[in-house]
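Residue numbers (this note's numbering): 2 to 279. All C-beta atoms, glycine included, are put in the ideal place defined by N, C-alpha and C. Step one of this worksheet: look at the structure below.
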C-alpha cells in the first residue's frame, strides 16, 4: 500500500504555477526525500498534502484517505514538522507536548505515558520542565519532532528539519530520523541539503520549478552520472567532467594544465546534471 499517492497535482498562485502536474508515490516504511532549490515547490507540496493549502487540481491520498474528501482521517495518519519552530516559547517542553495531545483527543493517562516515552526517545527527558525559550535550536527541533509523533502517526512529514542548524546538530537529527524510520514510520523529507538526502533516503525526487525531473534511489542516480568526477578551474570558472572508470578520469587529467580535483561522484553531481539537461 502507498503511504502517499499523488496524481497530477497542480497549484497556481495568480500568475505563478508553483506545481505543474506532479505525480509520485511514497511506499510504506521508506524514507522519501523531496529535493530542489528554494522556490521549487517543496513546501507547497507538503502544505497541500497536510491540508494547509488547497490544491488547484489533481488528487492525493494519505494512507488511502483522500486529502480533501476524507481530510480528518488523512490528518490522523500523519505528523508534521515545519521549517519554522512554532512551539509556544513561554511554555515548558512538557506543556507544549501536552497541549498537542489534547488537540488529538488523547486521555490524560495516555498523554502522560506517551510524552514520557517521546522525551526519552529524543533524549530530552531531563528538559521536560524547561521553558522552550531556554532551549538551543537543535533541542527545539527535537521537541517539534516529538510533538509531531505524539499521536503515533504512520507518516512523518519533515519540511527542511535541519535548516539553520550546525553540522553536529544536523547529524544528531539525522540519527533521530533514521531511528524513527527503523521503527516503521514512513518519512517524507524535504530538504535543499543534497548530502542529507544522499545519506538518509531510500529514494529521492528532484523537483525543479514545480516539475519532478527524476525519481530513483540515490545510488542509481549517481551511477547514471558516473563514478568519478574531475573538477577543473579555468579562468575563475569551475567545470566538472564525469567518467565511469577512474582510468578514464586519470587519462583526461594527464592532458590538463589547469588546477584540478579528482573525486567520487555524489548525489549533488547527479542533481546538477539533471537540472542542466532539463
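Buried or exposed, going by whether 16 or more other CB atoms sit within 10 Å of the CB of residue i?
i, result
"residue 179", "exposed"
"residue 45", "buried"
"residue 262", "exposed"
"residue 219", "buried"
"residue 280", "Any answer about residue 280 is impossible in this case: the structure gives the chain only from 2 up to 279."
"residue 103", "exposed"
"residue 4", "buried"
"residue 17", "exposed"
"residue 236", "exposed"
"residue 2", "exposed"
"residue 87", "exposed"
"residue 73", "exposed"
"residue 161", "buried"
"residue 169", "exposed"
"residue 198", "buried"
"residue 182", "buried"
What residues in its chain sit with their C-beta under 8 angstroms from that of residue i, if we drop five residues either side in the sequence?
i, result
"residue 274", "226, 243"
"residue 78", "63, 64, 66, 154, 155, 156"
"residue 254", "231, 261, 263"
"residue 14", "none"
Check the DSSP bridge columns for residue i and list the partner residues they point to.
i, result
"residue 31", "Beta-bridge pairing links residue 31 to no other residue."
"residue 7", "25, 61"
"residue 160", "191"
"residue 260", "234"
"residue 20", "12"
"residue 265", "229"
"residue 36", "192, 207"
"residue 132", "93"
For residue i, collect the residues of the same chain with a Cβ closer than 6 angstroms to its Cβ; drop the 5 residues on either side in sequence, then sort them by chain order.
i, result
"residue 105", "152"
"residue 60", "8"
"residue 33", "27, 189, 204"
"residue 11", "20, 22, 57, 58, 59"
"residue 159", "82, 190"
Less than 8 angstroms between the CB atoms is what I'm expecting for residue i and residue j, so what's the real figure, rounded?
i, j, result
"residue 42", "residue 211", "4 angstroms"
"residue 89", "residue 133", "7 angstroms"
"residue 142", "residue 166", "7 angstroms"
Excluding the 5 residues preceding and the 5 following residue i in the sequence, name in chain order all residues of the same chain whose CB lies nearer than 7 angstroms to its CB.
i, result
"residue 149", "80, 81, 82, 157"
"residue 76", "52"
"residue 223", "266, 267, 268, 271"
"residue 164", "84"
"residue 25", "7, 206, 213, 216"
"residue 239", "232"
"residue 208", "35, 36, 37, 41, 42, 43"
"residue 130", "93, 95"
Starting from the N-terminal side, write out each stretch of the beta strand (DSSP E) that is 3 residues or longer and does not extend beyond the region 171 to 247.
187 to 192, 204 to 209, 212 to 217, 229 to 235, 238 to 244
At which residue ranges does the region 60 to 98 contain complete alpha helix (DSSP H) runs of 4 or more residues, listed in the order of the chain?
72 to 76
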